[in-house]
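**Student:** First the structure, which I've put down as structure tokens, then a few questions once you've had a look.
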Amino acid sequence: MKSFAFIIAIFAALLCISQDSNAQETKYTLSDFELGEHVSGEKLKLSKLDGKVVVIEYWGTR
256 MKSFAFIIAI FAALLCISQD SNAQETKYTL SDFELGEHVS GEKLKLSKLD
306 GKVVVIEYWG TR
């Protein structure tokens, strides 16, 4: 039973190592657009957030 747990631990370690080495930095680009008035009253442009992580959550209702 100990050898089975040891084999599983080795397999898990190798799996973690292989996942780390395959990681790639993915970059996505969006065209510059302007959103409506923000809570503070100003319009927000995407180019203002250059270099920052941006999450766009789009909700639509009917």
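Here the sequence shown is numbered in my numbering, starting from 256 and rising by one per residue.
For every residue, glycine included, the Cβ atom is placed at its ideal position computed from N, Cα and C.
The ligand FMN and residue 261: does the residue's C-beta get closer than 7 angstroms to at least one heavy atom of that ligand?
**Tutor:** This structure does not include the ligand FMN; it has no bound ligands of any sort.
**Student:** Since residue 292 is in the beta strand (DSSP E), which residue starts that stretch and which ends it?
**Tutor:** Here residue 292 refers to the residue found at position 37 of the sequence shown. Here the beta strand (DSSP E) through residue 292 covers 289 to 292.
**Student:** Residue 304 by DSSP, collapsed to three states: which one?
**Tutor:** Looking up residue 304 in the sequence shown gives position 49. Residue 304: helix per DSSP, three-state reduction.
**Student:** Residue 284 to residue 299, Cα distance in whole Å?
**Tutor:** The residue you call residue 284 lines up with position 29 of the sequence shown. The residue you call residue 299 lines up with position 44 of the sequence shown. Each residue's alpha carbon lies about 17 angstroms from the other.
**Student:** Comparing C-alpha positions only, which one of 296, 301, 295 sits nearest to residue 289?
**Tutor:** Within the sequence shown, the letter at position 34 stands for residue 289. Of 296, 301, 295, the residue nearest in Cα terms is 301.
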